[in-house]
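All remarks here apply to the structure that follows.
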Amino acid sequence: MLPVSHHHLPHREPGRPRDRNNEQPSVLELSRLLWANIATLARRGFLRNLFNLGLVDGTGESNRLKRA
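For what it's worth, full-length UniProt numbering labels the leading residue of the sequence shown as 1, then goes sequentially.
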């Protein structure tokens, strides 16, 4: 049987220590989370719905800003 590890810290990449103040996630981790969320929304068709509604066009700018 494998020994049970007694620390419950999330896995972190080797060679990438976290900030010691408050164990804040790095920008890399945050952007990875953000992209994972965007990918999830895209899989659910959420982003496609935004395109269909015309709130966002292919350039990523909102049409409302262009009309102003």
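Cβ atoms here follow ideal geometry from the backbone N, Cα and C, with glycine treated the same way.
Three-state secondary structure (DSSP) of residue i
| i | result |
| --- | --- |
| Arg48 | helix |
| Ser31 | helix |
Other residues of its chain near residue i: CB distance less than 6 Å, five sequence neighbours each side excluded
| i | result |
| --- | --- |
| Leu34 | none |
| Ser31 | none |
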